[in-house]
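Colleague: Residue numbers in the sequence shown follow numbering that gives the first Met the number 0, run continuously in steps of one, and reach 139 at the last position. Ideal Cβ placement from N, Cα and C applies to all residues, glycine included.
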Amino acid sequence: MSNLLLEKIEVNVRFNEADPLGMVWHGHYIRYFEDGREAFGSKYGIGYLDFYNHGYIVPVVNVQCDYKRSLRYGEKVLIETEYEPCEAAKLLFHYRLYNAKTNHIVAVGSSVQVFLDRDKHALQLTNPVFFEEWKKKWHQ
């Protein structure tokens, strides 16, 4: 990852995320990406409610995950979430998940979100004004 906007959060691997062998089910890694996006949004002022309050929703339209190692119940996962700026009306995030104790990478991935009008759910082909202002603030 480069030195773009980045947030880190540590999360406990919960009992309900593990299979009978104690290993985290693969779908929960995507949930960790979500935890990372929420922490990023909270830190930088672009959380889901910020979008909603400006009249937009931002659904995920693509997610990609490459699994490297397994996490187990009782471990902690360190989630790094990085925003990648782009000209298009979308949000691009990259993720690295680490075993917090060993610092081994357990997964890497990315996600794409688009802007929809909150009420009509119409796809927005240009960035909302408030988001352009946010981009100027953080990417001068």
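Do S110 and V76 come within 7 Å of each other at the CB atom, strictly closer than that value?
Modeller: Going by C-beta atoms, V76 is not nearer than 7 Å to S110.
Colleague: When you compare each of V128, L122, L96 to R140 by their alpha carbons, which one comes out closest?
Modeller: Any answer about residue 140 is impossible in this case: the structure gives the chain only from 0 up to 139.
Colleague: Taking the CB atoms as reference points, tell me whether D65 and V107 lie closer together than 7 Å.
Modeller: Closer than 7 Å, so yes.
Colleague: Going by other Cβ atoms of all chains shown within 10 Å of its Cβ, with 16 needed for buried, is A17 buried or exposed?
Modeller: Flag for A17 reads buried.
Colleague: Using 10 angstroms around the beta-carbon of E86, count the other beta-carbons present and answer buried if the total reaches 16, otherwise exposed.
Modeller: Its Cβ having fewer than 16 others within 10 Å, E86 is exposed.
Colleague: In the DSSP output, which residue or residues are listed as bridge partners for H103?
Modeller: Partner(s): none; H103 has no beta bridge.
Colleague: How far does the alpha helix (DSSP H) with V57 in it extend, from its first residue to its last?
Modeller: Per DSSP, V57 belongs to no alpha helix (DSSP H) and is neither H nor E.
Colleague: With a 10 Å radius around its C-beta and 16 neighbouring C-beta atoms as the bar for buried, classify G26 as buried or exposed.
Modeller: With fewer than 16 Cβ atoms within 10 Å of its Cβ, G26 is classed as exposed.
Colleague: Could you tell me the alpha carbon to alpha carbon distance between M0 and F14, rounded to whole angstroms?
Modeller: Annotation note: pLDDT 43 at M0 (below 50); position unreliable, no value reported.
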